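Colleague: If you scroll down you'll find the structure; I have some questions about it.
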Amino acid sequence: MKDLQSLDDVFNKKIFRIPDYQRGYAWGTKQLVEFWDDLISLDDERFHYTGVLSIKAVPDEVWKNWNDELWLIQERRFKPYFIVDGQQRLTTIAIFLQCLMETAQINAESSDDIEIGTFSLQRIVEDFIVVIKPRNDAIRTYKFGYEVDNPSFEFLRHRIFNEPNPATMQETFYTLNLENAKTFFKENLSVSVKEHGIGFVEAVFRKLTQQFLFNVYELDDNFDVYVAFETMNNRGKPLSDLELLKNRLIYLTTLYPSSEVGDDDKENARDNINKTWGEIYNQLGRNKKSPLNDDDFLRAHWIMYFKYSRRNGQDYIRFLLDEHFSPKNIFEKLEVSTAQLEDYEELTDELDDDDEDTSELVITQESKLRLDEINRYVASLKEASRYWYASFFPAKANELSESEKVLMDRLNRVKIGYFRPLVMAALIKYPHGSTMRSQILRHIERFIFIAFRMSRFQSNYRSSVYYRAARSIYFDEMNVNEVVAELEKDLQSAFVDGESSQVAAFNTTISQKFASNGPGFYGWNALNYVLYEYEESLRESRGQPKIAGWQHFIRNDRDKVSIEHIFPQTPNDDYWKVRFYAFTPEQRKCLNGTLGNLLPLSSSINSSLQNDAFPLKKDVKLDASGKVIRNGYRNGSYSELEVANWGDEPNEWDAKKIKERGMKLLAFMESRWQISLGNEKEKLSLLHLGFLSETKDTEVEITAE
37 MKDLQSLDDV FNKKIFRIPD YQRGYAWGTK QLVEFWDDLI SLDDERFHYT GVLSIKAVPD
97 EVWKNWNDEL WLIQERRFKP YFIVDGQQRL TTIAIFLQCL METAQINAES SDDIEIGTFS
157 LQRIVEDFIV VIKPRNDAIR TYKFGYEVDN PSFEFLRHRI FNEPNPATMQ ETFYTLNLEN
217 AKTFFKENLS VSVKEHGIGF VEAVFRKLTQ QFLFNVYELD DNFDVYVAFE TMNNRGKPLS
277 DLELLKNRLI YLTTLYPSSE VGDDDKENAR DNINKTWGEI YNQLGRNKKS PLNDDDFLRA
337 HWIMYFKYSR RNGQDYIRFL LDEHFSPKNI FEKLEVSTAQ LEDYEELTDE LDDDDEDTSE
397 LVITQESKLR LDEINRYVAS LKEASRYWYA SFFPAKANEL SESEKVLMDR LNRVKIGYFR
457 PLVMAALIKY PHGSTMRSQI LRHIERFIFI AFRMSRFQSN YRSSVYYRAA RSIYFDEMNV
517 NEVVAELEKD LQSAFVDGES SQVAAFNTTI SQKFASNGPG FYGWNALNYV LYEYEESLRE
577 SRGQPKIAGW QHFIRNDRDK VSIEHIFPQT PNDDYWKVRF YAFTPEQRKC LNGTLGNLLP
637 LSSSINSSLQ NDAFPLKKDV KLDASGKVIR NGYRNGSYSE LEVANWGDEP NEWDAKKIKE
697 RGMKLLAFME SRWQISLGNE KEKLSLLHLG FLSETKDTEV EITAE
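The sequence shown maps to residues 37 to 741 in the working numbering.
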């Protein structure tokens with residue numbers, strides 16, 4: 037351990053490289069804010085302890101194969117180091133310095149000889165960012181970067197350090213973090229310079245380079261960096277399980293003796309691991325606004341690839357690191373003999389009866405965990421990451437056919453729960469557009485809707501069965517038909533007597549929503565899903581969609597802003613008083629919250645207008661100046677159009693129409709999910725409209741309760 041060093045000392049005649057077993061840049065808003073606060077709040081006369089920087093000298097046989105760095109190492113005697121711990125801080129500092137220089141350029145009075153304090157921008161660039169070989173601009177040697185040419189290094193050079201002529205770049209969750217860090221610092225520096233003047237740039241540069249101090253710890257050759265990496269945490273951002281696993285797999289490739297695994301095979305395996313993790317993080321970060329969680333993916337793959345157990349939530353990573361991909365499984369040897377090989381006799385034209393069998397039984401020892409098993413596992417992770425992404429964002433997935441995108445979208449909307457590993461396995465095993473894929477997607481969606489949205493089964497009901505089915509599908513131990521049969525069998529407890537298609541518990545589920553003056557169907561957590569599916573059925577029969585996707589249809593689960601009570605909750609207008617005066621307050625509450633009175637809106641509605649008379653709701657509402665306040669049902673979704681034109685008297689909305697529309701929606705549910713909701717009397721009870729009955733002349737009769 038050396039004395040505390042400033043950033044000037046840390047970077048002096050050194051080249052830092054992030055080794056391949058390290059993760060990418062993982063700092064988010066919390067860590068960036070802490071760094072910024074530490075920097076700007078530091079008193080000019082004080083120092084800030086920044087932490088330990090653990091580094092290890094790069095072996096000669098490694099750096100001699102580098103191209104861009106060779107001239108600095110050999111001609112200027114720079115020393116190359118791998119960063120074992122501290123890369124998050126150094127990456128942040130490099131990004132901040134780049135932003136500081138860009139801020140100085142923007143605010144400079146002249147573009148010539150821009151300086152920060154007594155340092156020119158060119159000097160700062162060479163001290164901390166990049167050194168360009170004289171008379172050869174093509175060689176740009178970055179003082180800080182990544183060992184292997186991965187998406188993060190490309191992004192760092194071109195998008196952060198502004199190196200010209202970028203090629204098409206792969207973007208991942210880590211590159212998004214790099215981009216966010218630069219945006220954060222540029223915005224905060226801009227605000228601070230406007231408030232304090234250009235002197236602020238000089239002040240924070242001095243603090244960062246002179247007053248931020250590091251403990252620089254250089255690990256000796258006998259120190260196992262892989263083991264050290266697993267035990268070191270960066271400030272506020274511990275390693276994910278996926279990051280730990282990458283380090284572990286690379287470490288294991290170094291443990292095989294040369295007599296068992298050749299150096300080329302080790303290098304190929306290591307290269308494959310790096311490429312695979314690059315692809316995984318590309319898939320997990322493809323959607324910048326909603327990057328996928330590392331460890332959710334790793335656990336789902338573990339469920340699909342290994343035998344599922346349910347002891348506690350961390351089973352999967354303990355199994356992967358402590359049991360399966362453990363160094364002991366490399367050091368533990370198994371005897372392998374040639375007796376396992378099938379004998380053969382080489383055919384020859386020469387016959388010699390006097391030849392004797394001179395072959396020997398050769399006994400060798402191989403590691404319990406073979407390298408080819410690691411390679412197979414890594415290949416499986418790589419393939420699975422594509423389908424994992426496809427399962428979350430089907431609309432943008434080439435791995436799915438158009439019909440599969442629709443089915444997968446439904447699963448996400450109904451909330452797929454614990455079925456995602458099974459879906460991932462089926463997508464991997466069965467070809468694009470196959471009936472096997474669509475069959476299992478349809479049956480899972482039906483199972484979820486009936487079991488969890490209608491019947492309120494416990495959320496983990498039969499989860500272990502379908503986790504194990506994921507592995508069975510993946511390894512061809514089970515087929516889709518068998519899984520479908522299991523789904524159908526497990527649904528029987530949702531039906532009356534376990535035999536028919538009539539859902540037994542749905543009436544109870546809805547009755548609970550009406551109890552104690554409750555909101556009725558409006559409070560059912562599957563209402564949006566049912567109404568959206570009904571809207572889609574109308575769209576399919578009539579043309580292009582009116583509702584622009586699920587994300588526009590459902591805005592907030594809690595306030596249901598996209599669902600309109602046609603007969604309003606507060607019916608103050610005389611139009612409503614006339615048509616519903618004969619009903620008791622309890623009956624009006626049921627009419628208000630029943631299924632037929634609830635309508636999905638294609639655009640938000642001003643709450644002050646929701647009590648309008650029905651004829652006014654149907655048409656465009658204008659203010660005194662002629663500006664559109666809200667669109668009417670006639671300009672809305674297919675469901676709105678249907679309501680606007682319902683029956684022979686389209687300007688009327690009364691109890692009869694509420695009942696009719698409720699019965700139609702129940703009939704749609706029966707057809708869509710292949711269920712029975714009972715006879716007419718039972719359906720009226722489900723709708724909580726049992727006080728309405730049909731007379732012979734089809735007029736609604738109000739019966740006493």
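Think of the CB as a built atom: it goes at the ideal place given N, C-alpha and C, for glycine as much as any other residue. In this text, all values refer to a predicted model and were calculated from it rather than measured experimentally.
Measuring alpha carbon to alpha carbon, tell me which of ASP648, ASN715, ASN103, PHE164 ends up nearest PHE132.
Modeller: Reading the sequence shown from its first residue, position 96 is the one you call residue 132. That would be PHE164, whose Cα lies nearest to the Cα of PHE132.
Colleague: In whole angstroms, what is the alpha-carbon distance linking PHE727 and ASN553?
Modeller: As a first step, residue 727 must be located in the sequence shown, where it is residue number 691. As a first step, residue 553 must be located in the sequence shown, where it is residue number 517. Answer to the nearest angstrom: the Cα atoms are 17 Å apart.
Colleague: Let me make sure I understand the geometry here. Which of ARG666, THR290, ALA660 has the alpha-carbon closest to that of LYS653?
Modeller: Here residue 653 is taken as the residue at index 617 of the sequence shown, counted from 1. With distances taken between Cα atoms, LYS653 lies closest to ARG666.
Colleague: Counting only runs that start and end within the segment 55-80, where is the alpha helix (DSSP H) found for 4 or more residues in a row?
Modeller: Whole alpha helix (DSSP H) segments, 4+ residues: 65-76.
Colleague: Is the beta carbon of ILE316 closer than 8 Å to that of LEU285?
Modeller: Residue mapping note: residue 285 aligns to position 249 of the sequence shown, counting from 1. Residue mapping note: residue 316 aligns to position 280 of the sequence shown, counting from 1. Their beta carbons are not under 8 Å apart, which means LEU285 does not touch ILE316 by this criterion.
Colleague: Starting from HIS84, trace the beta strand (DSSP E) in both directions and tell me its first and last residue.
Modeller: On the sequence shown, residue 84 is found 48 positions in, with the first residue counted as 1. Unbroken beta strand (DSSP E) run through HIS84: 84-93.
Colleague: Using the rule of at least 16 other Cβ atoms within 10 Å of the residue's Cβ for burial, across every protein chain shown, is SER295 buried or exposed?
Modeller: For the purposes of this step, residue 295 is identified with residue 259 of the sequence shown, where counting begins at 1. Under this definition SER295 is an exposed residue.
Colleague: Quick check on DSSP: helix, strand or coil for THR290?
Modeller: In the sequence shown, residue 290 corresponds to position 254, counting from 1. Residue state, collapsed to three classes: coil.
Colleague: Rounded to the nearest angstrom, how far is the Cβ of VAL1 from that of LEU89, given a contact under 8 Å?
Modeller: Past the boundaries of the shown model lies residue 1; the chain is included only from 37 to 741, so the question cannot be answered.
Colleague: Using a 10 Å radius around the Cβ and a threshold of 16 neighbouring Cβ atoms, would you call VAL664 buried or exposed?
Modeller: For the purposes of this step, residue 664 is identified with residue 628 of the sequence shown, where counting begins at 1. Exposed, by the Cβ-count rule.
Colleague: Grouping DSSP H, G and I as helix and E and B as strand, with all else coil, what is LEU728?
Modeller: Sequence index remark: in the sequence shown, residue 728 carries index 692 (1-based). Note: LEU728 maps to strand in three-state DSSP.
Colleague: Let me know the secondary structure DSSP gives LYS49 once reduced to three states.
Modeller: What you label residue 49 is simply residue 13 of the sequence shown in a count that begins at 1. LYS49: coil per DSSP, three-state reduction.
Colleague: Apart from the five residues on each side of it in sequence, which residues of its chain come closer than 8 Å, Cβ to Cβ, to MET205?
Modeller: Locating residue 205 in the sequence shown gives position 169, counting from the first residue. Around MET205: PRO187, GLU190, PHE191, HIS194, ARG195, THR211.
Colleague: Could you give the DSSP three-state label for PRO170: helix, strand or coil?
Modeller: Position 134 of the sequence shown, counted from the first residue, corresponds to residue 170. Looking at PRO170 - three-state DSSP - the assignment turns out to be coil, as it is neither helix nor strand.
Colleague: For GLU481, does the count of other Cβ atoms within 10 angstroms reach 16, so buried, or fall short, so exposed?
Modeller: As a position in the sequence shown, residue 481 is number 445, starting the count at 1. Buried, because 16 or more other Cβ atoms sit within 10 Å of the Cβ of GLU481.
Colleague: Report the CB separation of ASP44 from GLN246 in whole angstroms; it is logged as a contact under 8 Å.
Modeller: By 1-based counting over the sequence shown, the position of residue 44 is 8. By 1-based counting over the sequence shown, the position of residue 246 is 210. Correct: roughly 7 Å between the Cβ atoms.
Colleague: What do you reckon, are the CB atoms on SER786 and PRO621 nearer than 8 Å?
Modeller: In this structure the chain extends from 37 to 741, so residue 786 is not present and cannot be described.
Colleague: With 16 as the cutoff for other CB atoms within 10 Å, does LEU658 come out buried or exposed?
Modeller: Translated into the one-based positions of the sequence shown, residue 658 becomes position 622. Answer is exposed; the Cβ neighbour count stays below 16.
Colleague: Do you know whose CA, among PHE367, TYR423, SER437, lies nearest HIS337's CA?
Modeller: By one-based count along the sequence shown, residue 337 stands at place 301. Of the listed residues, the one whose Cα sits closest to HIS337 is TYR423.
Colleague: What's the C-alpha gap between PHE531 and ARG498?
Modeller: What you label residue 531 is simply residue 495 of the sequence shown in a count that begins at 1. What you label residue 498 is simply residue 462 of the sequence shown in a count that begins at 1. For PHE531 and ARG498, the distance between alpha carbons rounds to 17 Å.
Colleague: For HIS479, which of helix, strand or coil comes out of DSSP?
Modeller: Taking the first residue of the sequence shown as position 1, residue 479 is located at position 443. HIS479 falls in the helix class under three-state DSSP.
Colleague: Using a Cβ-Cβ cutoff of less than 8 Å, which residues in the same chain neighbour TRP435 once the five nearest sequence positions on both sides are dropped?
Modeller: Stepping through the sequence shown from its first residue, residue 435 is reached at position 399. Reading off the sequence shown, one finds Glu at residue 435, where the question assumed Trp. Within the same chain, GLU435 has close Cβ partners ARG422, TYR423, ALA426, LEU463, HIS468.
Colleague: What ranges does the beta strand (DSSP E) occupy inside the segment 414-501, keeping only unbroken runs of at least 3 residues that lie completely in it?
Modeller: Those beta strand (DSSP E) runs which fall completely within the segment 414-501 and span 3+ residues do not exist here.
Colleague: Between GLY321, GLU572, PHE550, which has its C-alpha nearest GLY629's C-alpha?
Modeller: What you label residue 629 is simply residue 593 of the sequence shown in a count that begins at 1. It is PHE550.
Colleague: Should GLN623 go down as buried or exposed, given a rule of 16 or more other Cβ atoms within 10 Å for buried?
Modeller: By 1-based counting over the sequence shown, the position of residue 623 is 587. So GLN623 ends up on the buried side.
Colleague: In angstroms with no decimal places, state the Cα-to-Cα distance between TYR565 and MET444.
Modeller: In the sequence shown, the residue the question calls residue 565 occupies position 529. In the sequence shown, the residue the question calls residue 444 occupies position 408. Going from the Cα of TYR565 to the Cα of MET444 covers about 14 Å.
Colleague: Please report the Cβ distance between TRP682 and ILE486, rounded to the nearest whole angstrom; I am assuming they are in contact, meaning their Cβ atoms lie under 8 Å.
Modeller: Numbered from 1 along the sequence shown, position 646 holds the residue referred to as residue 682. Numbered from 1 along the sequence shown, position 450 holds the residue referred to as residue 486. The pair is not a contact, with the Cβ atoms about 29 Å apart (cut-off 8 Å).
Colleague: For GLN158, list the residues DSSP reports as bridge partners.
Modeller: Walking along the sequence shown from the start, residue 158 turns up at place 122. GLN158 pairs with nothing; no bridge assigned.
Colleague: Closest to PRO200 by CA distance: which of THR219, LYS179, ILE175 is it?
Modeller: Here residue 200 corresponds to residue number 164 of the sequence shown, with the count starting at 1. Considering only alpha carbons, the answer is ILE175.
Colleague: Specify, as a first and last residue, the run of the beta strand (DSSP E) that LEU249 falls within.
Modeller: Within the sequence shown, residue 249 is the residue found at index 213, counting from 1. Counting along the chain, the beta strand (DSSP E) containing LEU249 begins and ends at 248-255.
Colleague: Cα separation between PHE209 and ASP330?
Modeller: Translated into positions along the sequence shown, residue 209 becomes position 173. Translated into positions along the sequence shown, residue 330 becomes position 294. Answer to the nearest angstrom: the Cα atoms are 10 Å apart.
Colleague: Measure the alpha-carbon distance for PHE483 versus ARG578 and round it to whole angstroms.
Modeller: Residue numbering aside, residue 483 sits at position 447 when the sequence shown is read from its first letter. Residue numbering aside, residue 578 sits at position 542 when the sequence shown is read from its first letter. Each residue's Cα considered, the two are about 29 Å apart.
Colleague: Quick check for students: name the residue ranges of the alpha helix (DSSP H) that lie wholly in the segment 677-722, counting only runs of 4 or more.
Modeller: Complete alpha helix (DSSP H) runs here, min 4: 691-709, 716-722.
Colleague: Which term fits ASP121, buried or exposed, when burial requires 16 or more other beta carbons within 10 angstroms of its beta carbon?
Modeller: Looking up residue 121 in the sequence shown gives position 85. ASP121 should be labelled buried.
Colleague: Okay, do the segment 113-120 and the segment 149-160 touch, 3+ Cβ pairs below 8 Å being the bar?
Modeller: In short, these stretches do not touch, since the Cβ pair count stays below three.
Colleague: Using the beta-carbon count (16 or more within 10 Å), is LYS525 buried or exposed?
Modeller: Taking the first residue of the sequence shown as 1, we reach residue 525 at position 489. So LYS525 ends up on the exposed side.
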